[in-house]
Each structure stands twice: as C-alpha cells, then as structure tokens.
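Line by line, the protein sequences give chains V and E.
If you're matching positions, the first sequence starts at 1 in the numbering used here and goes up one per residue.
If you're matching positions, the second sequence starts at 1 in the numbering used here and goes up one per residue.
Taking it in order: structure first as structure tokens, then the write-up.
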Amino acid sequence: VQRAATAVSELARNIVSYTPGGRLKLEPIAGTPPRLRIIARDQGPGIPHLPDVLSGKYRSKTGLGRGLRGVKELTASFDIQTGPAGTTVTAEVLL
Amino acid sequence: MNDSAPGSIPIIDLWGHLVVPLVGDVSDSQMQRLVDGVLQRVRGRGTRGLVLDCSGLWMMDSHLCAALGKLAAAARLMGVPSVLCGLGPDIVMTLQTMGFDLVGLKAALSLEAALEKLGVVPERRASGEV
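Shown next as structure tokens:
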C-alpha cells in the first residue's frame with residue numbers, strides 16, 4: 001500500500017509541477033495478489049531525454065527524474081509514452 | 001511564529017533541542033512553513049540539535065524526502081545537527097526501492113535514541129528519590 005501511495009503521489013506531482021493539466025486514473029484489479037493499475041495522462045510538452053531520466057543519468061533540480069525512475073522501480077509493470085502532445089504513464093503495483 | 005496556525009506541524013522545544021513530529025501525509029505547503037519555522041527558531045533560540053520524528057508518517061515521496069534533506073542541510077549550515085528517527089519498515093523499503101538512501105542524514109530508531117545521539121543523557125535516579 002505504501003508503494004502504491006508513493007507511486008500515485010509521484011505521478012500526481014509530476015502532472016501538477018510540470019504540465020498544464022492531466023488526469024490520474026486508478027483501477028483496482030482483483031487477483032492474487034491484487035494489483036492497482038495507475039494511469040497518469042497529461043497534455044504537457046512531453047519528457048525530453050526520457051532514456052536518461054529512466055536510467056538515472058538526468059536529474060532535475062526538483063527531482064523529477066528521481067520520482068519517475070522511482071515509480072518505475074516501485075511498480076511491477078511500467079510503460080511510458082511521451083511526445084509533444086503529452087505523456088501517458090501506465091503502471092501496476094502489487095498490493 | 002506561525003507554528004500554531006491550523007494545519008501546521010508543531011515544533012517542540014525539548015532540553016535545548018527542537019523536535020518535529022511529522023504525522024500522516026505532509027503537504028508541500030506544510031513542509032515549506034516548517035522549514036521557515038525551524039530555521040527561525042534555530043536562529044532565535046540557539047538550538048543544539050534538531051530531531052525529525054517520522055514515526056507517524058504514512059508516506060514519504062521523493063519531494064518530501066528531498067525537503068527533509070534540505071531542511072537538515074540548512075540547519076547544518078547554521079551549526080545545528082539533525083537526526084531523523086522513527087522511519088518504519090514500509091517507508092524505508094519504499095525509499096530503498098526508489099533509490100533514495102538519505103545518506104548524509106543521521107538516523108536513529110526511536111525518539112529516545114535520536115536525542116541520545118544529539119548528546120541528551122538520560123539521568124536515572126536511584127529508587128526512592130523523585
């Protein structure tokens with residue numbers, strides 16, 4: 001639960017801090033163990049140097065890189081699509 | 001001193017040290033007010049040490065983690081050492097997984113251990129004396 005809460009907080013913060021707006025969708029998935037799917041979609045400018053951000057080479061002054069990379073480490077599955085029209089992160093955390 | 005304003009985090013004076021209990025979910029604005037409040041108190045009262053008690057915290061994300069690190073670093077620049085205490089297993093594991101180790105920040109298991117690290121010596125009186 002701690003992992004899920006932290007991942008949601010990181011993704012929400014990225015949307016609030018770096019984009020004009022977006023949506024966060026949470027979908028509980030039954031199973032053993034149960035999972036929580038988090039979909040964070042924004043209409044921001046996209047993330048430049050995404051591979052560097054995810055590999056830990058790039059770090060913003062405010063810690064954006066660390067947050068996103070942290071979410072990748074916290075989650076069981078992590079997918080990110082980013083471009084000039086916005087970014088969508090789909091991640092699943094085991095509960 | 002606005003540390004009694006609604007929603008603000010208390011800053012407790014204890015034997016020349018400041019103790020800050022972080023509880024529940026700490027917002028960015030609460031944290032900002034806390035940093036301002038602590039640094040003002042440090043300057044005004046000659047504090048010997050700062051204890052950041054996280055035992056009531058239920059979530060720490062990268063921002064809060066960075067903010068605590070900055071508060072400790074700022075206090076250190078004013079000559080005041082900080083000790084973090086009371087981090088629970090869930091929070092510690094999450095921080096580890098995310099790659100935040102908070103190296104450079106002293107840590108203790110409990111509030112008592114943190115105060116002892118800062119040089120507070122508990123005096124145990126002989127029985128019969130009060």
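We treat Cβ as the ideally placed atom computed from N, Cα and C, and that holds for glycine.
Same chain, Cβ closer than 7 Å to residue i, neighbours up to 5 away in sequence not counted
i       : result
V:Thr82 : Gly46, Ile47 and Leu50
Proximity of residue i and residue j at Cβ, strictly below 7 Å
i        : j        : result
V:Gly70  : E:Met98  : yes
E:Ser27  : V:Gly67  : no
E:Val80  : E:Leu50  : yes
V:Leu24  : V:Ala40  : yes
E:Phe100 : E:Cys54  : no
E:Met78  : E:Val120 : no
E:Trp58  : E:Gly24  : yes
Contacts around residue i, its chain only, beta-carbon distance under 6 Å, and the 5 residues preceding and following it disregarded
i       : result
E:Ile91 : Met60
E:Arg48 : Gly16 and His17
For residue j and residue i, the rounded distance between their alpha carbons
i        : j        : result
E:Leu87  : E:Ala107 : 9 Å
E:Leu18  : V:Arg35  : 41 Å
E:Ala126 : E:Ile12  : 29 Å
V:Asp97  : E:Gly46  : Because residue 97 of chain V is not part of the residues shown, which for chain V are 1 to 95, the question remains open.
V:Pro33  : V:Leu95  : 6 Å
V:Leu74  : V:Ile80  : 14 Å
E:Leu111 : V:Val8   : 29 Å
V:Pro28  : V:Arg37  : 6 Å
E:Gln40  : E:Leu84  : 20 Å
E:Pro139 : E:Pro21  : Missing from the structure shown is residue 139 of chain E; chain E here goes from 1 to 130 and no further.
Tell me whether the region 36-44 of chain V and the region 14-21 of chain V touch, counting them as touching only if at least three CB pairs, one residue from each stretch, are closer than 8 Å. yes
The region 69-77 of chain E / the region 33-51 of chain E touching (three or more Cβ pairs under 8 Å): yes
So, do the region 85-95 of chain V and the region 102-120 of chain E have three or more beta carbon pairs nearer to each other than 8 Å? no
Length at least 3, wholly inside the region 81-117 of chain E: the beta strand (DSSP E) runs in chain order: 82-85 and 106-108
Beta strand (DSSP E) segments (min. 3 residues) lying fully within the region 14-80 of chain V: 22-29 and 35-42
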